[in-house]
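S.K.:
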Amino acid sequence: MNAEAHAGIPADAAGSGDGHVGAGRGTAAAWAVQARGLNCRRGEQAVITALDLALAPGQLVGVFGTNGSGKTTLLQTLAGILPVGGGSLELLGQPLAAARTRIGYVAQTVPEGAFGRIDAASFVAAAWQGERWGLGLRHAAERRQATQQALHSVEAQHLAMRPMDALSGGERQRVCLAQALVNPVRLLLLDEPLSNLDPRSQQGVLALVRRLCDVQQLAVMLTAHDINPLLPVMDQVLYLAAGRGRIGTVDAVVNAESLTELYGLPMAVARHDGYVFIHPARGFMPEASPHCGHAHDHPHGHAHHAIPTLPAQADGVRSGSPGAVEPSAGQR
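Just so you know, we're using the numbering used here here: the sequence shown kicks off at 78 and counts up by one.
1) Grab me the residues of A198's own chain with a C-beta within less than 6 angstroms of its C-beta, minus the 5 sequence neighbours each way, in chain order.
2) To the nearest angstrom, report how far apart A156 and P343 are at their CA atoms.
3) Could you say which of I304, L169 and I355 lies nearest to A133 if we only look at CA atoms?
4) Residues in the same chain with beta-carbon distance under 6 angstroms from L173, minus the five sequence neighbours each way, listed in chain order, please.
5) Please go through the same chain and pick out, in chain order, the residues whose beta-carbon is closer than 8 angstroms to the beta-carbon of V353, but skip the five residues on each side of it.
6) Any contact between the region 258-273 and the region 285-296? By contact I mean 3 or more CB pairs, one from each, below 8 angstroms.
7) Since I believe T150 is in contact with G124 (beta carbons under 8 angstroms), could you give me their beta-carbon distance rounded to a whole number of angstroms?
8) Rounded to whole angstroms, what is the Cα-Cα separation between A301 and T143?
9) If you follow the beta strand (DSSP E) that G325 is part of, which residue opens it and which one closes it?
10) May I have the straight-line CA-CA distance separating Y33 from D196, to the nearest angstrom?
11) Opposite S199 in the DSSP bridges: which residues?
12) Where do the ends of the alpha helix (DSSP H) carrying H229 lie?
13) I need the DSSP call for M241, collapsed to helix, strand or coil.
14) Which residue wins for smallest C-alpha separation from N471, given the options G145, R221, G193 and Q136?
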C-alpha cells in the first residue's frame, strides 16, 4: 500500500485496521466522521470489518467497490439506519445517537411512481424536523423558510411548485438534495446520486455537491460505480472489496499494488486521457462463480459478478448503472 494514504493524519486519528484513515485537518473533535475498527453488518452477515476512517468538514469522499462490497451498508451505518456491528464511531465529535439529526441521507432507489403528484416544495418540507425541537404547526413560517433556503442552496427554487414525477432526473436529484439539507446538517451521505443521469446532469450534481463542501463546509460521502466523473471534485477515494476498505488520494489507493492487496487477486490499473481503468491483471482468468456468498446491500435490477470484475460492470469505469434515486430513508 502506498504510504501516501497515511499522509497528513494526526496521531490520534491513526488506526491499525485494514481500512486506512483518510487525510484531514484539525483535532479529533473536529472530524465530521471518525471510525476506529468499524464493523458494518447487514443482519447476521458481516459486510465490512476493521475500517478506520477520518473525514473532515469540507471534504468530499467518493466510495467505490463491486456490487455487494458494502457501499450502501456503510452509508446506512453512518446514518444510523443500521446498527454499528463493532468498533467505535463518532460523528461531529459525538456518539452517533446524539448526531443523527445533523446527518442528511439520500438513498439510492424508489419504486416507480412512488412520488405521486406531490410538488417539490412539499416534498422538501416533509423532512423538516422542527417538531422535534418543540415547534408545531404554528411555526409554519419557519418550516416554509427552511424549505425555501434548502431549495435555493441547490439552485432549485424555480422547481418548488412542480410535481416530483414531472421532473427530469437531474432536477429530481437536486430536490432530493434539498430535502436532505432542509435541516441544519453537517454530514451528507449520498448513495448513487449519479445513477440514471446523463453526463451533463452528472456534472451539474457534482458541481453542486462540491460547492456545498466548499461554501457550507459540509462533509460528503458519495457512492458511485464510476470513478471518472468524480476525479475533478473529490478529495479522497474509499475503495471497498472483500470486506475491507482503503482510503486516501486517488494515486495512493487506485494503483495495482493497493488493489491487488485489497482484492487478494492480481489487479491492474491503466490511465489514459485523464480516465482511470481498473481490470484483472493480464493473464489472470477468474473462475466463474454462482450468484451467492455476499451480503446484499443494494436492490436488484443489475447483474452480479465474481470478484474481480471488469470496471464497466461493477467497479465503474463507465457511467450508466441502472437504478432510480430515492429521496430519503423515510421514503422506502
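We put the beta carbon where it would ideally sit given N, CA and C, even for glycine.
What you are looking at is a predicted structure, and each value in this text was computed from that prediction instead of being measured.
M.R.: Looking at the atomic coordinates:
1) As a first step, residue 198 must be located in the sequence shown, where it is residue number 121. Hits under 6 angstroms: T224 and A237.
2) As a working note, residue 156 is residue 79 in the sequence shown. As a working note, residue 343 is residue 266 in the sequence shown. For A156 and P343, the distance between alpha carbons rounds to 34 angstroms.
3) If you number the sequence shown from 1, residue 133 lands on position 56. For A133, the nearest C-alpha among the options comes from L169.
4) For the purposes of this step, residue 173 is taken as the residue at position 96 of the sequence shown. Answer for L173: G157 and L166, listed in chain order.
5) Walking along the sequence shown from the start, residue 353 turns up at place 276. Excluding residues within five positions, the ones whose Cβ falls inside 8 angstroms are I304, N305, L308, V327, V331, V346, A347 and V394.
6) yes
7) Residue mapping note: residue 124 aligns to position 47 of the sequence shown, counting from 1. Residue mapping note: residue 150 aligns to position 73 of the sequence shown, counting from 1. First, the amino acid is wrong: residue 124 is Val here, not Gly. Contact holds; Cβ gap of about 5 angstroms.
8) For this step, residue 301 is matched to residue 224 along the sequence shown. For this step, residue 143 is matched to residue 66 along the sequence shown. Taking the straight line from one Cα to the other gives about 10 angstroms.
9) As a first step, residue 325 must be located in the sequence shown, where it is residue number 248. Looking at the DSSP string, the run of the beta strand (DSSP E) that includes G325 is R321 to G325.
10) Given that the chain is displayed from residue 78 to residue 409, the structure contains no residue 33 and the question cannot be resolved.
11) In the sequence shown, the residue the question calls residue 199 occupies position 122. Bridge partners of S199: none, in fact.
12) Counting from one through the sequence shown, the residue named residue 229 turns up at place 152. Looking at the DSSP string, the run of the alpha helix (DSSP H) that includes H229 is A217 to S230.
13) The residue labelled residue 241 in the question sits at position 164 within the sequence shown. Helix, per DSSP.
14) In the structure as shown, the chain begins at 78 and stops at 409. Residue 471 is therefore absent and cannot be evaluated.
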